[in-house]
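Numbering (numbering that gives the first Met the number 0), first residue to last: 0 to 227. All C-beta atoms in this analysis are idealised placements derived from N, C-alpha and C, irrespective of residue type, glycine included.
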Amino acid sequence: MKQNLLLLTTEQETKFTTFIEEFSLWNKTHNLISKGDSTDLWERHIYESVLLAQFFPKDAPILDIGSGNGFPGLILPLLGLTPHMCEIISKKASFLKYMLHHLHLPGKVLNEDVFGLKQRYAYFCARGFSALKNLLKVQHELSESRQHEDVQLLNVEEILVNKGHDFSKKIKNSNLLKSSAYGVYLKGPSFKDEIDDAKKVFSFDYLVFSVSEKNHIVVTFNVSPLLF
């Protein structure tokens, strides 16, 4: 399936192959993803993580909320980004730490509750962690102010087979990079309901990038709680 999705260099191919081999070994004992998902590892997990990566620069840490099975957290450093993976379950955190160390990847693992973190971030991401309103709570509480207009976002255009999934032009033509912090979250078919639900608690701007009929990337910025 990889050849239908990504055009990797020899170096990238080696890194991803090593990652998949190690991930498969851990999955047998830790049940990181279901057997059905493992047959679509490239399409359902790796590829979607690559699409999330294009929203971030290489020069700043990204808070991956609820890293769990390592997507997108472990794919981001394979592409040169620096994730801080927050995972409260120790078993999963141990897996994440091992993978970073074994594959010599940048980043770190935070084995704690995300709502107890003190460090602030300008970039957030999550894939299936919780409802959007809960992600916005984290984003609001941990956001730092940063200028994004001059940053160089990761360029994934060269490795994408489907150039329609290169969202760089839409990002640059939006107000996203003028904001102080933003979050990038992969959501399913009910993403509109999650947005409406979150609007009851927070004021925020957002952009939606459709990956397929089922999956959509929701990018949120200018987040502030509503005052009642």
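Boundaries of the alpha helix (DSSP H) in which residue i is found, first to last residue
i    : result
S202 : Run containing S202: none in the alpha helix (DSSP H); it sits in the beta strand (DSSP E), F201 to S209.
A197 : F190 to A197
L51  : Y46 to A52
S167 : S167 to K171
K27  : T9 to H29
Where the beta strand (DSSP E) through residue i begins and ends
i    : result
L62  : P60 to I64
L185 : Y181 to K186
N221 : H215 to P224
Distance, residue j Cα to residue i Cα
i    : j    : result
L77  : F54  : 15 Å
I158 : K186 : 23 Å
L104 : G72  : 11 Å
V108 : T81  : 11 Å
P60  : G106 : 8 Å
S33  : R126 : 16 Å
K177 : P56  : 14 Å
R145 : Y181 : 10 Å
S223 : D58  : 26 Å
F15  : A121 : 27 Å
S129 : T9   : 36 Å
A52  : I87  : 23 Å
L95  : N110 : 10 Å
V210 : I74  : 18 Å
L85  : N161 : For clarity, residue 85 is Cys in the given sequence; the question names Leu instead. Answer to the nearest angstrom: the Cα atoms are 31 Å apart.
T219 : F166 : 15 Å
F70  : L40  : 11 Å
Status (buried if at least 16 other CB within 10 Å, exposed otherwise) for residue i
i    : result
R119 : exposed
Y97  : exposed
H164 : buried
H83  : buried
N154 : exposed
E12  : exposed
N26  : buried
T28  : exposed
L225 : exposed
E20  : exposed
E140 : exposed
L175 : buried
S23  : exposed
N68  : buried
V49  : buried
V207 : exposed
S202 : exposed
Indicate whether the contact test is met: 3 or more Cβ pairs, each with one atom in the stretch 141-151 and one in the stretch 88-101, closer than 8 Å. The stretch 141-151 vs the stretch 88-101: no contact.
Is the stretch 57-67 close to the stretch 121-134, with three or more CB pairs under 8 Å? Enough Cβ pairs lie closer than 8 Å, so yes.
Report yes or no: do three or more beta-carbon pairs, one from the stretch 104-114 and one from the stretch 43-52, lie closer than 8 Å? no
In the stretch 75-158, which residue ranges form an unbroken beta strand (DSSP E) of at least 3 residues, counting only runs that do not cross its ends? With a minimum length of 3 residues, the continuous beta strand (DSSP E) runs that stay inside the stretch 75-158 are 81-85, 107-109 and 122-126.
With a threshold of 8 Å, are at least 3 pairs of Cβ atoms found where one atom belongs to the stretch 191-202 and the other to the stretch 171-179? No, they do not touch.
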